[in-house]
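Chains G and Z are the protein sequences, given in the same order.
Each residue of the first sequence is one higher than the one before, counting from 1 in my numbering.
Each residue of the second sequence is one higher than the one before, counting from 1001 in my numbering.
Here a beta-carbon is modelled for each residue, glycine too, at the ideal position from N, C-alpha and C.
First the structure, in the form of structure tokens, and then the observations on it.
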Amino acid sequence: MNKKTGKTNNRILLHLNGIRKTYQDGILKVHALKDINLEAERGELISIMGPSGSGKSTLLHILGCLDHPTQGQYYFDGENTATFDDRQLTLTRNKRIGFVFQSFNLLHRETALENVSLPLMYAGESGIQSKAQEALEKVGLGARLNHRPGQLSGGEQQRVAIARAMVKKPDVILADEPTGNLDSQVGKNIMRVFQQMHEEGMTIILITHNPEVAQLGTRLLKLHDGQLEE
Amino acid sequence: MTIMAVLSGIKVQMYEDLKQVGLDVVNVQLVPNLENLFIGPLVTEDTQWMQEQSKGGLLAPFRADMAVGANLENQQTLEFLILETTHEWGNIVPLNISEGRFIYKGETEFCVLDEWIADRFFPEGNAVGKELFINASEGIRNLTVAGVLKDPFEVRKKFDELDFAGSARSTLNRMLEFKSIYILGDFSEPHEPIHGAVIKVPKDIDALSTAKSIQKEAKRRDLPAIAWARSQWVDNVMRGADLTTQVAGMLWIVVLLVTSVMILTISLVAIRERYYELAVRRTEGARRLQIVSQLLLENMILSLTGGFLAIGLAHGAGYLLETRYLSWSPAFLPHEMALAIGLGAGLGALATILPAYRAASLDPVKILRIA
């Protein structure tokens, strides 16, 4: 990477350079991330493991442009995200990053199809319904388009969340404990979906504390007390 | 909204009713004070000068007395005001005759009843030609009914049903409420004892200026007279009605302000309940403006639906009031309804913008972490 311009070669999608994140908790300063350096190439499936409180989610939020680092630079496809205003951050989240959360984060009043349509709607795309339907069919939920989250099992809800993340064909999918709320068999099924996406060339950052899930990554990183180890 | 419509309706109906008392009529009361407007002491007075002041208007003197009447057929007795006048009364005061006619000249054995009295003496109807016994200060008289005068005051018809004979109403109210019997009196001499006169001013003469000139002449003659144009009285009543409507309007604004505070609180709570949903939307790429617009649009739809529903309910309540309790139609004025809907939508928008902007500015990560 060119340190002056921050430009990376085209293979590097995400680049974290000396990232620190500090929270103020009353009079205490909590150092959630300490000097994180990371480069993620396109098409990689990176697993990040770590115990609770190690800073996994904080790292994922910074990678997802949901949070700002206290110190350091984060380059997304060669662009320093510190220079992004709220509109650019929102656009990046909307079009280039897909999120899969442990608790699914689906809208309970909307159907599976409407949940998956959400990012397309905010992106102002055309053919929303057919694209959303296609994404749901891809994760095996073609028969559950009009079901609401409450009418779906945990595994099915996570599939809806995956469909929502991939429907906009993002550059990267960030998954925060995607199997954390699922039993082992359903979790395996979900991981097969991630593997399939990876085989199709999708860049995936997978955060987990489950070693079995972490083994699926092309690269395994460990986060301990806010520090990243290969 | 219903209350405003009822008040607007009463104003419209009152004006229609009041117009019927004769806007070109001047009343002259020869009384020392307003308390004894109709049955104060009689004054022997020539009415010639009053007629001259009205520049040739039509004049009918009158005497009023309290009397008791009876219909021997159904043993019904009533207390009422008996008004002695001339046959010209029928040409001066606009009469809304529901049955028969007014008394002709020389028909001293005939009488005309106000509808209220006719309904009680002859509940089966057809009062014309029937007989009544009247006991006034001049003694007992046997009179034949020539006609029945319809009560012009639609506004109080339903309230009137609550009234009963012998209620402690003032004599003035009795007169104004059309609970009288009209008979012909003897006013043949130039100076007769009278209580006053009614004068219909000629078409090209202003009733108000006529009343003033009669009042001025009475003062010059040192007479305890009160002269008033009925149009002036109508204006005063309408001004009073306007004032009532304005007071109600102010109360309505206070209610609206209180309601808007309630809407703001409800809106705050409702949006707070949706923080999780809004955080998910923000994560998925919704901009702040899109979040604010969505909440505003939702609230506008709710406010407008509520507004139209309220208008429908207000119409329903107005219909119920009209059929059960009121004698006039509540007036749902288009500009008042538009104002109500506009204010509702405006307040809804105001109550949404701040909480919506606050919700859109929250950190979605924090919200999702708490959720």
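Going straight from the alpha carbon of residue i to that of residue j, what length do you get?
i, j, result
"residue 164 (chain G)", "residue 88 (chain G)", "20 Å"
"residue 1188 (chain Z)", "residue 1216 (chain Z)", "26 Å"
"residue 1228 (chain Z)", "residue 1198 (chain Z)", "10 Å"
"residue 56 (chain G)", "residue 1343 (chain Z)", "50 Å"
"residue 186 (chain G)", "residue 1274 (chain Z)", "30 Å"
"residue 224 (chain G)", "residue 54 (chain G)", "5 Å"
"residue 1105 (chain Z)", "residue 1327 (chain Z)", "36 Å"
"residue 1219 (chain Z)", "residue 1059 (chain Z)", "20 Å"
"residue 1314 (chain Z)", "residue 1306 (chain Z)", "12 Å"
"residue 1102 (chain Z)", "residue 1132 (chain Z)", "16 Å"
"residue 209 (chain G)", "residue 130 (chain G)", "36 Å"
"residue 73 (chain G)", "residue 85 (chain G)", "15 Å"
"residue 81 (chain G)", "residue 95 (chain G)", "15 Å"
"residue 1246 (chain Z)", "residue 1311 (chain Z)", "21 Å"
"residue 150 (chain G)", "residue 157 (chain G)", "9 Å"
"residue 1269 (chain Z)", "residue 1115 (chain Z)", "59 Å"
"residue 201 (chain G)", "residue 98 (chain G)", "14 Å"
"residue 1100 (chain Z)", "residue 1138 (chain Z)", "26 Å"
"residue 1162 (chain Z)", "residue 1325 (chain Z)", "Note that residue 1162 (chain Z) scores a pLDDT of 47, beneath 50, so its modelled location is shaky and nothing firm can be said."
"residue 1282 (chain Z)", "residue 140 (chain G)", "27 Å"
"residue 134 (chain G)", "residue 117 (chain G)", "11 Å"
For a test of the three-state rule: what should DSSP assign to residue i, helix, strand or coil?
i, result
"residue 107 (chain G)", "coil"
"residue 1042 (chain Z)", "coil"
"residue 1328 (chain Z)", "coil"
"residue 176 (chain G)", "strand"
"residue 1358 (chain Z)", "helix"
"residue 1274 (chain Z)", "coil"
"residue 1193 (chain Z)", "strand"
"residue 202 (chain G)", "coil"
"residue 1247 (chain Z)", "helix"
"residue 209 (chain G)", "coil"
"residue 1323 (chain Z)", "helix"
"residue 1 (chain G)", "At residue 1 (chain G), the pLDDT of 49 sits below 50, so the modelled position is not reliable; the number obtained from the coordinates is stated separately. Note: residue 1 (chain G) maps to coil in three-state DSSP."
"residue 1337 (chain Z)", "helix"
"residue 1086 (chain Z)", "coil"
"residue 1265 (chain Z)", "helix"
"residue 68 (chain G)", "coil"
"residue 1151 (chain Z)", "coil"
"residue 1218 (chain Z)", "helix"
"residue 17 (chain G)", "strand"
"residue 80 (chain G)", "strand"
"residue 1012 (chain Z)", "helix"
"residue 144 (chain G)", "coil"
"residue 1123 (chain Z)", "coil"
"residue 1231 (chain Z)", "helix"
For residue i, which residues in the same chain have their Cβ closer than 7 Å to its Cβ, ignoring the five residues on either side in sequence?
i, result
"residue 1330 (chain Z)", "1002, 1005, 1006, 1009, 1318, 1321 and 1322"
"residue 181 (chain G)", "102, 103 and 154"
"residue 77 (chain G)", "13 and 171"
"residue 1168 (chain Z)", "Because residue 1168 (chain Z) carries a pLDDT of 38, less than 50, the predicted location of this residue cannot be relied on, and no value is offered for it."
"residue 106 (chain G)", "115, 149, 157, 160 and 161"
"residue 144 (chain G)", "112, 152 and 156"
"residue 44 (chain G)", "203, 218 and 219"
"residue 1118 (chain Z)", "1127 and 1148"
Within its chain, find whatever has a CB closer than 6 Å to the CB of residue i; leave out the 5 residues flanking it on each side and keep chain order.
i, result
"residue 1012 (chain Z)", "1331"
"residue 227 (chain G)", "34"
"residue 22 (chain G)", "29, 31 and 70"
"residue 19 (chain G)", "33, 36, 69 and 72"
"residue 60 (chain G)", "174, 176 and 207"
"residue 1141 (chain Z)", "1134"
"residue 47 (chain G)", "206, 214, 217 and 220"
Between which residues of its own chain and residue i is the CB-CB distance below 8 Å, once the five residues before and five after are set aside?
i, result
"residue 148 (chain G)", "108, 109, 110, 111 and 112"
"residue 1055 (chain Z)", "1201, 1202, 1205 and 1210"
"residue 1349 (chain Z)", "1296, 1299, 1300 and 1303"
"residue 120 (chain G)", "128, 131, 132, 167 and 168"
Closer than 8 Å to a non-hydrogen atom of the ligand COA - does that hold for the CB of residue i?
i, result
"residue 1266 (chain Z)", "The ligand content of the structure shown is nil, which means the ligand COA is not present either."
task: Please confirm if the region 1222-1229 of chain Z is in contact with the region 1060-1071 of chain Z, defined as three or more CB-CB distances below 8 Å between the two stretches.
output: Cβ pair count under 8 Å is below three, so no.
query: Does the region 46-66 of chain G come close enough to the region 84-99 of chain G that 3 or more CB-CB pairs lie under 8 Å?
result: Look at the beta carbons and you see the region 84-99 of chain G touching the region 46-66 of chain G: at least three pairs across the two are nearer than 8 Å.
- prompt: Just checking, does the region 1090-1098 of chain Z make contact with the region 1021-1028 of chain Z on the three C-beta pairs under 8 Å criterion?
  reply: The region 1090-1098 of chain Z vs the region 1021-1028 of chain Z: in contact.
- request: Give, in chain order, every residue of the region 59-78 of chain G whose Cβ lies closer than 7 Å to some Cβ of chain Z.
  value: Those residues of the region 59-78 of chain G placed with their C-beta closer than 7 Å to a C-beta in chain Z are 61, 66 and 67, ordered along the chain.
task: Name, going along the chain, the residues of the region 83-106 of chain G whose beta-carbon falls closer than 8 Å to a beta-carbon of chain Z.
output: Within the region 83-106 of chain G, the qualifying residues are 86, 87, 90, 91, 93, 94, 95, 99, 101, 103, 105 and 106.
Residues of the region 1286-1316 of chain Z with Cβ closer than 8 Å to any Cβ of chain G, in chain order: When C-beta distances to chain G are compared with 8 Å, the residues of the region 1286-1316 of chain Z below that value are 1286, 1287, 1288 and 1290, in chain order.
query: Can you list, in chain order, the residues of the region 1242-1253 of chain Z whose Cβ is nearer than 9 Å to any Cβ on chain G?
result: Result list empty, no residue passes.
- request: Select from the region 111-139 of chain G all residues with a C-beta closer than 7 Å to any C-beta belonging to chain Z, and list them in chain order.
  value: Of all residues in the region 111-139 of chain G, those with a C-beta nearer than 7 Å to a C-beta of chain Z are 118, 119, 122 and 123, reading in chain order.
field: Selection of the region 1256-1284 of chain Z by Cβ proximity to chain G, strictly under 9 Å
entry: Answer in chain order: 1276, 1277, 1279, 1280, 1281, 1282, 1283 and 1284.
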